[in-house]
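S.K.: Sharing a structure here in structure tokens format.
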Amino acid sequence: MIFFRKKKLDERQLFFDLIHEAYNSLDISNDLKKHLLQAAIAIENNENLNLISYKLHPYVCNEFYVVPELKELKVYVERKRAKCFIGLISPSALIGLIR
1 MIFFRKKKLD ERQLFFDLIH EAYNSLDISN DLKKHLLQAA IAIENNENLN LISYKLHPYV
61 CNEFYVVPEL KELKVYVERK RAKCFIGLIS PSALIGLIR
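For the sequence shown, the UniProt record's numbering assigns the number 1 to the initial residue and increments by one for each residue that follows.
If you want it as structure tokens, here you go:
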């Protein structure tokens, strides 16, 4: 059980490091900076990483066309976003089958 907890902390640290690198190192818009800051605060408050990625995805994708160095963050956000999307859609699909 400790193994899973450590892995979860590593995922949070990786996401936080990607946000930190994008926020401080790259020339990005103020809108994306604001949303990255909100995402970093949400990570510190132990919110769900998949949901944070789901909310952050549109802003990262829009900025990716201007700043291609965001590719690593974009790939990570898309991978986590897919998990959130499946989690949001699957229960509603199962409810429709039960009725």
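Note that beta-carbon positions come from the ideal geometry of N, C-alpha and C, so glycine has one too.
Could you check what DSSP says for serine 29 in three-state terms: helix, strand or coil?
M.R.: Along the sequence shown, one-based indexing puts residue 29 at 29. Here serine 29 sits in coil by DSSP.
S.K.: Answer yes or no: do isoleucine 43 and leucine 49 have a C-beta to C-beta separation smaller than 9 Å?
M.R.: Here residue 43 corresponds to residue number 43 of the sequence shown, with the count starting at 1. Here residue 49 corresponds to residue number 49 of the sequence shown, with the count starting at 1. Contact flag set, yes.
S.K.: State the DSSP-derived secondary structure class of methionine 1, mapped to helix, strand or coil.
M.R.: In the sequence shown, counting from the first residue as 1, residue 1 sits at position 1. For methionine 1, the predicted model reports a pLDDT of 44, less than 50, meaning its position is unreliable; a value from the coordinates is still stated below. It is coil, neither helix nor strand.
S.K.: For glutamate 63, does the count of other Cβ atoms within 10 angstroms reach 16, so buried, or fall short, so exposed?
M.R.: Walking along the sequence shown from the start, residue 63 turns up at place 63. The residue in question, glutamate 63, is buried, as its Cβ has 16 or more Cβ neighbours within 10 Å.
S.K.: Leaving out five residues before and five after glutamate 11 in sequence, what residues of the same chain have Cβ atoms less than 8 Å from its Cβ?
M.R.: As a position in the sequence shown, residue 11 is number 11, starting the count at 1. Correct list, in chain order: Leu49.
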